[in-house]
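Participant: Per mature numbering (1 follows the signal peptide of the UniProt record, and there is no 0), the sequence shown runs over residues -23 to -1, 1 to 749. Heads up, the beta-carbon is just placed ideally off N, CA and C, and yes, glycines get one too. Since this is a predicted model, take the numbers as computed values, not measurements. Take a look at the following structure, please.
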Amino acid sequence: MGHLYLPLLLFLLFVFFIPTTPALQTYQGQVLLQLRKHLEYPSQLDFWENYNGDLCNVASTAHMSLSCEDNFVSELKIMGDSRLVEVSDFNGFAVSNRTLSESFSIDSFVTTLTRLTRLRVLRLVSLGIWGALPDKIHRLYSLELLDLSSNFMFGSVPLGMSRMANLSSLTLDSNYFNGTVPDWFDLLSNLTVLSMKSNRFTGPFPSSICKITTLTDLSLSHNELSGRLPDLSTLPNLKVLDLRENKFDSGLPGMSKGLVTALLSKNGFSGKIPEQFSELGQLQHLDISFNNLIGTPPFALFSLPNISYLNLASNKLSGSLPNHLTCGDKLGFIDISANKLIGELPSCLDNIPNERVVMFSGNCLSIDAQHQHEESYCREANVKGEHSRRRLLGILVAVVGGVVLIMVLLAFPVYFLHRTCCFRSTFEQHMFPKVAIETSSTGISSEVLANARIISEAAKLGTQVAPVCHLFSLEELKEATNNFDLSTFMGEGSIGKIYKGRLENGTYVAIRSLSLLKKQSIQNLKVRLDLLSKLHHPHLVGLLGHCILGGVPENSSTNKIFLVYEFLPNGSYGTHLSENFAGEVLKWPERLAILIGVAKAVHYLHTGVIPGNFDNRLKTNNILLDEHRIAKLSDYGMSIITEEFGKLETRGDGSKTCQGTNIKDDVYNFGFILLESLVGPIVCSNGEAFLLNEMQASFSSQDGRKRIVDPVVLTTCCQESLSIAISITKKCISPEPSSRPSFEDVLWNLQYAAQVQATADTEQKSDSTSQS
């Protein structure tokens, strides 16, 4: 009978061992195409349309990559249309250029996604995904890395994620998640990276995070977390800690000895800087600025072996620093400004080497009187603080003394019993001592530092990665401008005269000439110019190099400086908005594109570098257009070189600012750029009066808009897009600073207005085509 089963056996072997690759690829491919449909056919996936049955072998692009193992999708990365240059170079905030339509269902999308059961790496960044993240996301049980940043997801982080045992990296940055941070992250036993910055989380810091011994990177910055920050020395592997811009109001806690980067600025931390910070031998970047810290900073902070960036600015630090203070060899940036420090500036902060930047204004130091308070200002604060501390200490001593007395009386009967137990314990400790094991890491991987948005290349003075600013000779600049001939003179900007030049290699450049009061060394000025040259962004006019002449002949107390910028041929945005402009007028979609570009640049200056640059001289004449009408911001970051040197040359174009006392508020100033984009050039003397009287009265009605809005805007915009722009403009130039939005909100609203406009334009073209 055995021969009768032979055909059946052969058939079963054929079924089980037949190659199944095409079927698996077809099924996985269908899931991917369904995801493309859910995402409403993003341009990054257009080439999937010609799907030939083997998406596992498609070539990766900057926007999409796909990997497979055993014919199952194991890695899927899709990057939306956003600031990709910033994401790759600076690990900054990406902002989606679109939001998926109202018909999008995040529940259906995640359901489809969970059919990729072998997925280990998933990045869906800046794709406009919106909605509450479904609990079923946990069905992706193989996930090791999940990145859903820069979308529009809201609500709480689903509890089901606590069951994703293989997850080692979770990034939910730049969304709208709210409520409290979950207190179950310690259930993810392999978690190394947890980043949820720029959301709307409130409430306390979750204590469960302190139990994640594998954690290396923790970022919860730009939320509204409050209360006490617990001891973080329980995280032995923590390298990067970013808690900036929250509302923590406790003392600074203990830190992991292996910590490399600690960013704690713009909170409400109080008390003294713990001496334990002096033991952080791996620490490279420490920013505890804009808090309420008191006392004299630990001297050893300045001499930590690896410290390169130290920012203690805008606290209430007092006392004096010793003249023999030692500064570490790698220390490149120190900011102790806006405190209550007195006495002499230590020699290692005064006679600084070429590669070190020191900022110390706003104290009571006996140096640079122009930028210091009277010593009595700081001593009074110190005396008041000392009296308060003594009074508090007296009360504390009295209370503790009473408690101790009561405890002694109660504890006396058990003294002998306790002594017997202690003797036995001490005997055992001496006979069987515990072995201490050192677990701190001695090296920091480049990947950890690259993943932390800690500091721009402009501030990495310890390791020069980016090229230094090119040093031009005066002879080169004279040759480029025909000895600064009048024919090359382009006018006077916000600061200094500007000439057009042509370098020896044929490149056209704009050369700004200005004079600065000689407050510090030439070497210090060069370092600051190098910092400025390393601010790279697609919408910033690039600084190519400089030339410094120390002690110009007519005034030995000034430095003559020439800044060499890239040349943009299409003039300023303000000129294009002028009624006298003879060229092609800018339509509303083009104006939106320019505004979005500038907003991206300013958002980068605020958040993409440390310390941020907030006084960027925003006005329409400082927005330049290249040959493709791409906007680039000029005159940005000038405070980097003028803050400590004193500005000698001031606004030379004869114009006034409409911003009054708010000149350093970039959001407020950008609001007037928005206003000019809507109504055309405005009379500066009517700044806030125009806002209060005209905007409130006229922008709220259709007739009012027709009366004041530029006719070019009215005839090229849809009403919804215009309403969004008007709304954000009103908020930007609100007289109350607290009512103004963040630049991230400004950018989001402008991009939303552009999306609405693009949709309206597409529908209009479709209607025109169908009618014809």
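1) Can you name the start and end residues of the alpha helix (DSSP H) that H262 belongs to?
2) In the structure shown, what three-state DSSP assignment does M615 receive?
3) Among E697, N292, S280, V8, whose alpha-carbon lies nearest the alpha-carbon of D264?
4) Is E26 close to the ligand HEM? I mean its beta-carbon at under 8 Å from any heavy atom of the ligand.
5) Would you mind sorting I250 into buried or exposed? The rule is 16 or more other CB atoms within 10 Å of its CB.
6) Under the rule that 16 or more other beta-carbon atoms within 10 Å means buried, what is Y542, buried or exposed?
7) Thinking just about the alpha-carbon of each residue, which of D306, I538, R594 is nearest to the one in S285?
8) On a Cα-Cα basis, can you pick out the residue from C187, V217, R221 that is closest to S210?
9) Per the contact definition of three or more C-beta pairs closer than 8 Å, is the region 92 to 101 in contact with the region 112 to 122?
10) Is the beta carbon of L43 closer than 9 Å to that of C33?
11) For T552, does the three-state DSSP call read helix, strand or coil?
12) What residue range is occupied by the uninterrupted alpha helix (DSSP H) comprising Q648?
13) Would you mind sorting R205 into buried or exposed? The rule is 16 or more other CB atoms within 10 Å of its CB.
14) Please name the residue, chosen from Y354, S175, I189, T191, that lies closest to S198 on a Cα-to-Cα basis.
15) What did DSSP end up calling F558 once you bin it into helix, strand or coil?
16) Can you give the Cα-Cα distance for L77 and V170, rounded to whole angstroms?
17) Apart from the five residues on each side of it in sequence, which residues of its chain come closer than 8 Å, Cβ to Cβ, to L136?
18) Between the Cα of G646 and those of L493, S280, N599, spot the shortest distance and give me the residue it belongs to.
19) In whole angstroms, give me the CA-to-CA distance for I571 and A608.
20) How about T193 and K216: are their beta carbons less than 9 Å apart?
21) Would you mind reading off the limits of the beta strand (DSSP E) that contains F466?
22) Counting Cβ pairs, one atom from each stretch, are 3 or more of them under 8 Å apart for the region 97 to 108 and the region 37 to 54?
23) Using the beta-carbon count (16 or more within 10 Å), is H514 buried or exposed?
24) When DSSP labels each residue in this structure, what does T169 get in the three-state scheme?
25) Does DSSP put N598 in a helix, in a strand, or in coil?
26) By DSSP's criteria, N214 is part of a beta bridge. Which residues make up the other side?
27) CA-CA distance, F182 and L104?
28) Flag this pair as touching only if the region 242 to 259 and the region 222 to 229 have three or more C-beta atom pairs under 8 Å; answer yes or no.
29) Are the beta-carbon atoms belonging to S724 and A702 less than 9 Å from one another?
30) Within 10 angstroms of its Cβ, does H301 collect 16 or more other Cβ (buried), or is it exposed?
31) Pull up the distance between the alpha-carbon of C709 and that of N155, whole angstroms please.
32) Which residue wins for smallest C-alpha separation from L278, given the options F544, A315, L270, C304?
33) Rounding to the nearest angstrom, what Cα-Cα distance links S82 and D312 in this structure?
34) Taking Cβ positions only, does L652 come closer than 9 Å to chain D?
35) So, under 8 Å CB-CB, G272 and L294 are touching, yes? Tell me the CB distance rounded to an integer number of Å.
36) Run through DSSP, which three-state label would H447 get?
Facilitator: On the basis of the coordinates in this document:
1) Run containing H262: none in the alpha helix (DSSP H); it sits in the beta strand (DSSP E), 262 to 264.
2) coil
3) N292
4) The ligand HEM is not among the ligands present in this structure, which contains no ligands whatsoever.
5) Looking at its Cβ environment, which holds 16 or more other Cβ atoms inside 10 Å, I250 is buried.
6) Counting Cβ neighbours within 10 Å, Y542 comes out buried, since at least 16 surround it.
7) D306
8) C187
9) yes
10) Yes, the Cβ-Cβ distance between C33 and L43 is below 9 Å.
11) Three-state DSSP puts T552 in a helix.
12) Inspection of the sequence shows that residue 648 is occupied by Gly rather than by Gln. Element bounds for G648: 643 to 656.
13) Label assigned to R205: exposed.
14) The residue from Y354, S175, I189, T191 with its alpha-carbon nearest to that of S198 is S175.
15) Residue state, collapsed to three classes: coil.
16) 28 Å
17) D112, P159, W161
18) The sequence given here has Asn at residue 646, not Gly. Nearest C-alpha to N646: N599.
19) Going from the Cα of I571 to the Cα of A608 covers about 5 Å.
20) At a Cβ-Cβ threshold of 9 Å, T193 and K216 count as neighbours.
21) 466 to 469
22) yes
23) buried
24) Three-state result, T169: coil.
25) helix
26) For N214, which the question treats as bridged, DSSP gives no partner whatsoever.
27) 29 Å
28) yes
29) Checking the sequence, you will find Leu at residue 724 rather than Ser. No.
30) exposed
31) 24 Å
32) C304
33) 49 Å
34) Here there is only one protein chain, and chain D is not present.
35) 7 Å
36) Correct three-state label for H447: strand.
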